[in-house]
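Q: Residue numbering for the sequence shown is -22 to -1, 1 to 299, as defined by mature numbering (1 follows the signal peptide of the UniProt record, and there is no 0).
Glycine included, every Cβ here is placed at the ideal spot set by N, Cα and C.
Fair warning: this is a prediction, and the values are worked out from it, not measured in the lab.
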Amino acid sequence: MLKRRHLALLGASSVIASGARAQSNWPERPVRVIIGYPAGGPTDFGGRLLQDPLSRLWGQPIVIENRAGASQIIASEVVARAPADGYTLFLAASTHASNAAVHARLPYDTLNDFTPIVNLYASPTVLFVGRNSPFRSAEELVAAARRQPGMSFATSGNGASGHFATEMFRRKVGIEVTVVAFRGAAPALQEVVAGRVEATFSTLSGAIGLARDGQLRPLAIGGPRRAEVLPGVPTLDELGMGIPDTSPWYGFIGPKGLPRPIVERVARDVIGLLQDPAIARRIVDTGGVILAEGPEAFDRRIRAELAENMVVAREAGIRVE
């Protein structure tokens, strides 16, 4: 009996030691980064930007897999079911956290089936109108909406960040609007440019090209501070119309139970890269705001945003079946 127990303890010790060595030597093979959107979008941009620098740091290839569809639910499920060994990471956008507020059922638990690692950057939500709009300021838009309820606001989809921003904004300033949901940001923005929809809350990274070309007119920044690429545009806070920050973020998440040494390694290396002037400039030039949040701060952000969005979704009746 004692001999069997001794052998069992030796076996357990061997497994523990082997696991510790694997963590300390990580990565020993290519690391897969799952992205829940197609190539070329804002989330994919972050992955491609860090792909080569991380590969050089880790001495292993970084393989990006675009698992687009269902507002990242497909990608989230892939990561939730992956081994917690550090070889499958998820470069997620904030929709990953808000999905639980608008979907009745998900094939995973947003708060308990993942490990937040590091939040890279955010893209401010901006109130835009088209170039031919009569509104030159957020105050003018609100005044018109109060005179004539039902102003149309485009969103990139039911339950998207711009949808939440629209609902928060209309409640804050006391207006009634008509939400027009599109399948993606591009058609929503084009309808505003064409003047067929009057306004939209869109991510700056997704609209910066149209804004620079003069096709969209930015009226206010929805985030807590002005955008470096739009220094003359006030924040809603400055105008007394402040709403909770709905700026989409982009960060690395792993499966539940990801070993702490790997979490700390990824967070440390990514935050170090975000301090590189060339990388930081690429992010800022596309309208991004660097966050560089470690695991604990990132986890708090996810939980706080989900709680806020659940309240808004319930009160506004935002639901995706």
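Select from Leu98, Thr21, Tyr86 the residue whose C-alpha is nearest the C-alpha of Gly272.
A: Leu98
Q: Grab me the residues of Thr181's own chain with a C-beta within less than 8 Å of its C-beta, minus the 5 sequence neighbours each way, in chain order.
A: Pro20, Ser101, Pro102, Thr103, Val104, Ser139, Gly140, Ala163, Ser225, Pro226, Gly265
Q: Buried or exposed: which applies to Glu6, given that a residue is buried once 16 or more other Cβ atoms fall within 10 Å of its Cβ?
A: exposed
Q: Return the chain-ordered list of same chain residues with a C-beta closer than 6 Å to the C-beta of Gly137, the five sequence neighbours on each side being excluded.
A: If the five residues before and after Gly137 are omitted, its C-beta is found closer than 6 Å to the C-beta atoms of Val80, Ile296, Val298, all from its own chain and listed in chain order.
Q: For the beta strand (DSSP E) that Met129 lies in, which residues bound it at each end?
A: 129 to 133
Q: Please list, in chain order, all residues of the same chain as Ser2 whose beta carbon is under 8 Å from its beta carbon, the five residues on each side excluded.
A: Pro239
Q: Which value, in whole angstroms, describes the spacing of the CA atoms of Ile268 and Arg204?
A: 13 Å
Q: Which residues does DSSP pair with Thr67 in a beta bridge?
A: In the sequence under discussion, the amino acid at residue 67 is Leu, which differs from the Thr named in the question. According to DSSP, Leu67 bridges with Val11.
Q: Since Val57 and Pro233 are thought to touch, with beta carbons under 8 Å apart, how far apart are those beta carbons, to the nearest angstrom?
A: Between Pro233 and Val57 the Cβ distance is about 6 Å, and since that is below 8 Å, they are a contact.
Q: Taking the straight line between their C-alpha atoms, what separation do you get for Val(-8) and Val241?
A: Residue confidence for Val(-8) is low, a pLDDT of 48 falling below 50, so the modelled location carries little weight; the figure read from the coordinates is stated next. One C-alpha to the other measures close to 21 Å.
Q: Kindly indicate which three-state DSSP category Gly47 falls into: helix, strand or coil?
A: coil
Q: Could you check the C-alpha separation between residue 302 and Arg109 for me, to the nearest Å?
A: The structure shown has nothing for residue 302, since the chain only spans -22 to 299.
Q: Going by other Cβ atoms of all chains shown within 10 Å of its Cβ, with 16 needed for buried, is Glu176 buried or exposed?
A: buried
Q: DSSP state of Asn97, grouped into three classes?
A: strand
Q: Determine the direct distance from the alpha carbon of Ser49 to that of Leu(-21), and round the result to whole angstroms.
A: Reliability of the predicted coordinates at Leu(-21) is poor, the pLDDT of 49 falling under 50, and the value obtained from them is presented with this limitation in mind. If I take the Cα positions, the gap works out to 55 Å.
Q: For Pro196, which of helix, strand or coil comes out of DSSP?
A: strand
Q: When you compare each of Gly64, Ser33, Pro85 to residue 322 by their alpha carbons, which one comes out closest?
A: A query on residue 322 cannot be resolved here, the shown segment of the chain reaching from -22 to 299 and no further.
Q: Compare the C-alpha of Phe106 against each of Arg243, Pro31, Glu169 and name the closest.
A: Glu169
Q: Ignore the nearest five residues each way along the sequence and tell me which others in Ala(-6)'s own chain have a CB closer than 6 Å to its CB.
A: In this prediction, Ala(-6) has a pLDDT of 48, which is less than 50 and means its spatial position is unreliable; what the coordinates show is noted afterwards. Closer than 6 Å at Cβ, skipping near neighbours: no residue.
Q: Give me the residue from Ile12, Pro31, Asn287 with the minimum Cα distance to Ile257.
A: Pro31
Q: Who are the near neighbours of Ala53 in its chain, counting only those whose CB is closer than 6 Å to its CB and skipping five residues on each side?
A: Ile12, Gly14, Arg45
Q: Rounded to whole angstroms, what is the Cα-Cα separation between Leu217 and Glu145?
A: Using only the alpha carbons, I get a separation of about 18 Å.
Q: Relative to the C-alpha of residue 334, which residue among Phe147, Ala82, Ser134 is closest?
A: It is not possible to answer for residue 334, since the shown part of the chain is limited to -22 through 299.
Q: Which value, in whole angstroms, describes the spacing of the CA atoms of Val96 and Gln193?
A: If you take the alpha carbons of Val96 and Gln193, they lie about 35 Å apart.
Q: In three-state DSSP terms, what is Ile42?
A: Secondary structure at Ile42: strand, using DSSP grouped into helix, strand and coil.
Q: Which residue or residues does DSSP assign as beta-bridge partners of residue 300?
A: There is no way to answer for residue 300, as the model of the chain reaches only from -22 to 299.
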